[in-house]
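Inspection log for the structure reproduced underneath, given as structure tokens.
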Amino acid sequence: MKLNFHKSFWEAPCNNEQDFNELVKRSFDDGYQGTELFLPFFEIDTDTTLKAHAEHGLNIITGIATQGDNVQAHLKSMNAQIERAVEFSPVLINSHTGRDIFSLEDNLRLFENALKLEQKYNVIITHETHRFRPTFSTFDTEKIIKVLPELKLNLDISHWMVVHESDLSDQLTRLDTIFPHVHHIHGRVGFEEGPQVINPQDELWAGHLKNHVDLWQKVINLAKNRGQKTFTITPEFGPFPYAHVQPNTQQPLTDIWAANNFMQQHLKEKLI
Numbered sequence: 025m026k027l028n029f030h031k032s033f034w035e036a037p038c039n040n041e042q043d044f045n046e047l048v049k050r051s052f053d054d055g056y057q058g059t060e061l062f063l064p065f066f067e068i069d070t071d072t073t074l075k076a077h078a079e080h081g082l083n084i085i086t087g088i089a090t091q092g093d094n095v096q097a098h099l100k101s102m103n104a105q106i107e108r109a110v111e112f113s114p115v116l117i118n119s120h121t122g123r124d125i126f127s128l129e130d131n132l133r134l135f136e137n138a139l140k141l142e143q144k145y146n147v148i149i150t151h152e153t154h155r156f157r158p159t160f161s162t163f164d165t166e167k168i169i170k171v172l173p174e175l176k177l178n179l180d181i182s183h184w185m186v187v188h189e190s191d192l193s194d195q196l197t198r199l200d201t202i203f204p205h206v207h208h209i210h211g212r213v214g215f216e217e218g219p220q221v222i223n224p225q226d227e228l229w230a231g232h233l234k235n236h237v238d239l240w241q242k243v244i245n246l247a248k249n250r251g252q253k254t255f256t257i258t259p260e261f262g263p264f265p266y267a268h269v270q271p272n273t274q275q276p277l278t279d280i281w282a283a284n285n286f287m288q289q290h291l292k293e294k295l296i
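Counting in our numbering, the sequence shown runs from 25 upward without gaps.
Okay, here's the thing in structure tokens:
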């Protein structure tokens, strides 16, 4: 299986076309096969985006986030954002879907709508495991998957480390139920008290890094078994407040771009 790594622009927002083109080139130079663009934070027009990626042979993953005070608003938001997302010809769309405070029934309406949009636009839509969303815990994600086994997930497992205050070694059976549904990975290392360790290269976090890699390897093995030829991973260390900073100067304790490049290289070496 070929692992395709996508560069998130989360830690390096681009405010104009020149900055954007430089970030795309830098991503290519650093060995990425594509980018991941979170559309609520992304303002570069579609034609400019596609041209810059085509010049370097890079693919695109687009990200959306449903919004609103109720399920009707989230449905409307999803429909509009997916319509925009497909304009970028993405290899997949990653969605922050629903709310943790909605009922299971209401969130299932949103996931069912996403499955219909997958068919309408002939595109993969993954749903991120994330705090604030109905996939915030292993327990709730398992309930959703049991009702909609065709649903595809983006595994950002760092959030579950925080929610359960656990390295998840006490939940392996539940993970075995969820992992077959994972089609994309956000490669950030979390820990029991936060979604992002200070520096994944620091020996202090070596055990957490290995634990994440071991769990991701299970996902890759399952993808191989279902016949996938490629799999996408986005290293996703982010800026403050995810990143730890000096309290007075607000300077990050770690170079976030370098941390993501480290994750790319480390996973290329460790995942088989």
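We treat Cβ as the ideally placed atom computed from N, Cα and C, and that holds for glycine.
Once the 5 residues before and after THR162 are set aside, which same chain residues still bring their CB inside 6 Å of it?
As a first step, residue 162 must be located in the sequence shown, where it is residue number 138. Cβ contact annotation for THR162 (same chain, cutoff 6 Å, sequence separation greater than five): TRP184, GLN195 and ARG198, in chain order.
How long is the line joining the alpha carbons of LYS49 and GLN57, rounded to whole angstroms?
Along the sequence shown, read from residue 1 onward, the residue named residue 49 stands at position 25. Along the sequence shown, read from residue 1 onward, the residue named residue 57 stands at position 33. Roughly 11 Å between the two C-alpha positions.
Going along the chain, which residues of its own chain have a beta-carbon closer than 7 Å to the beta-carbon of PHE286, five neighbours each way excluded?
Your numbering for residue 286 matches position 262 in the sequence shown. Residues of the same chain with a CB within less than 7 Å of the CB of PHE286, apart from the 5 flanking positions on each side, are PRO224 and GLN225 in chain order.
With H, G and I counted as helix, E and B as strand and the rest as coil, what does DSSP make of SER32?
As a working note, residue 32 is residue 8 in the sequence shown. In the three-state reduction of the DSSP assignment, SER32 falls in the strand class.
Going by DSSP in three states, PRO219 sits in which element: helix, strand or coil?
Indexing the sequence shown from 1 puts residue 219 at position 195. Under the three-state reduction of DSSP, PRO219 is assigned to coil, being neither helix nor strand.
Three-state secondary structure (DSSP) at LYS170?
In the sequence shown, the residue the question calls residue 170 occupies position 146. Judged by DSSP in its simplified three-state form, LYS170 adopts helix.
For SER113, name the three-state secondary structure that DSSP assigns.
On the sequence shown, position 89 is the one that residue 113 refers to. Coil.
Cα-Cα separation between GLY251 and VAL269, rounded to whole angstroms
For this step, residue 251 is matched to residue 227 along the sequence shown. For this step, residue 269 is matched to residue 245 along the sequence shown. Between GLY251 and VAL269, the C-alpha separation is close to 43 Å.
In terms of alpha-carbon separation, which member of ILE149, VAL115 and LEU82 lies closest to ILE14?
Here the chain comprises residues numbered 25 to 296, so residue 14 is not present and cannot be evaluated.
Under the three-state DSSP convention, the category PRO259 falls into
Translated into positions along the sequence shown, residue 259 becomes position 235. Three-state DSSP puts PRO259 in a strand.
Rounded to a whole number of angstroms, what is the C-alpha to C-alpha distance between THR256 and ALA97?
Position 232 of the sequence shown, counted from the start, is the residue given in the question as residue 256. Position 73 of the sequence shown, counted from the start, is the residue given in the question as residue 97. In this structure, the CA atom of THR256 is about 30 Å from the CA atom of ALA97.
For the pair the region 35-54 and the region 77-86, tell me if three or more CB-CB distances fall below 8 Å.
Here the region 35-54 makes contact with the region 77-86; the two share three or more CB pairs at distances below 8 Å.
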